[in-house]
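Chemist: Just so we're aligned, residue 4 is where the sequence shown starts under this note's numbering, counting upward by one. We treat Cβ as the ideally placed atom computed from N, Cα and C, and that holds for glycine. Just so we're clear, the structure is a prediction, and the values are computed from it rather than from any experiment. Handing you a structure now.
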Amino acid sequence: MDTLIGKTYAITGGNSGIGFATAQQLVRRGARVAILGRDEQTLAATQRDLGTAVLVQRGDVTRPDELRQFFSATAHQFGRLDGLFVNAGMAAFAPIDAVTAEHITSLLAVNFNGAYYTIQQALPLLRSGAAIVLNSSMYTALGMPGSSIYTASKAALESLARTLSAELVERGIRVNAIGPGNIQTPLYSRLGMTAGELEAAATAEAALIPLRRFGYADEAARAVVFLLSPDSSYVLGETLVVDGGRSRL
Ligand code: NAP
């Protein structure tokens, strides 16, 4: 593995779950990381945990003006970037008869529009040789009932990994995605389910996973760090699935 000493990265949603685990691993390998998120408490905890190697800023990926401020602060502190992890996202599930305009708009606003604006705003900072990683989902390979809008928002990111790889290859920028399966993160506590409902759903899901367990955020983060680093220099337009075999076996 190449060292990441002196390298600089930006992560949206780097204050929680997979994004935080990725920031931790990048910092451990010597990189500096700019992190955008919304929640003051986890942003402050991230700053405390990772120290001066990180720049932490509050902002919403659905707000291009806030993204602009974030990347302006990043440029001021770090200069150019070696990579961008487009990770901020939300999950919500509903069968087609229950899907509302608000369900569609809110999911696409964060998961697709927010991801797109993030890449647009980061692009001037990405140096030749940089990598972009998008956070998709294994659900794009499954026909999971109730996930139509969430999965469509994620499938669009895998499409971006290919189209933007083609568009940015001449600038020396690679674009890839990861497809996490069920990864233990705070995402599940944001679904509006009771503790009992969550536990029952988790037990049922785990039974479908060949490894019989949810993944750890660190396990997804290792795949992200591979795609962000020069270790994956010959990988473009790919989605690396990290799902304990759920969508593949
Ligand atoms: P998480 O712990 O809930 O993290 C989500 C992150 O996204 C948080 O840092 C959150 O920041 C940030 N975020 C959400 N909306 C945002 C917005 N509008 N503006 C800025 N930041 C925003 O969950 P996670 O599992 O690590 O999720 C990370 C990504 O992995 C998501 O894109 C998710 O869809 C994807 N994923 C997760 C799983 C899984 O099983 N966990 C599976 C497949 C894909 P705040 O907390 O500050 O709001």
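#1: What does the alpha-carbon distance come out to for the pair M93 and I152?
#2: How about S19: is its Cβ closer than 8 Å to a heavy atom in the ligand NAP?
#3: Measuring only the C-alpha atoms, how far is L239 from A47?
#4: Report yes if the C-beta distance between A95 and S139 is below 9 Å; otherwise report no.
#5: Distance, Cα to Cα, A158 vs T143?
#6: Hey, how far is the Cα of L87 from the Cα of A37?
#7: Would you call the region 100-107 and the region 50-69 in contact, with 3 or more CB pairs under 8 Å?
#8: Please state whether DSSP places F81 in a helix, a strand or coil.
#9: Could you check what DSSP says for S109 in three-state terms: helix, strand or coil?
#10: Tell me the rounded alpha-carbon separation between L39 and A26.
#11: Rounded to the nearest angstrom, what separates S250 and E161 at their Cα positions?
#12: For L137, report the span of its alpha helix (DSSP H) as first-last.
#13: Need the endpoints of the beta strand (DSSP E) that V59 sits in, please.
#14: Compute the distance between the beta-carbons of G184 and D246, then report whether it is under 9 Å.
#15: Count the other CB atoms, across all protein chains shown, that sit within 10 Å of the CB of I8; report buried if there are 16 or more and exposed otherwise.
#16: Going by CA-CA distance only, name the one from V89, G132, G33 that's closest to P233.
Modeler: With the structure as the only source:
#1: 11 Å
#2: S19: yes, Cβ under 8 Å from the ligand NAP.
#3: 35 Å
#4: no
#5: 6 Å
#6: 9 Å
#7: no
#8: helix
#9: helix
#10: 11 Å
#11: Cα to Cα, the separation comes out at about 16 Å.
#12: It is not in any alpha helix (DSSP H) - L137 instead sits in the beta strand (DSSP E) that spans 129-138.
#13: For V59, the enclosing beta strand (DSSP E) stretches over residues 57-61.
#14: yes
#15: By the neighbour-count criterion, in which 16 or more other beta carbons inside 10 Å mark a residue as buried, I8 falls on the exposed side.
#16: G132
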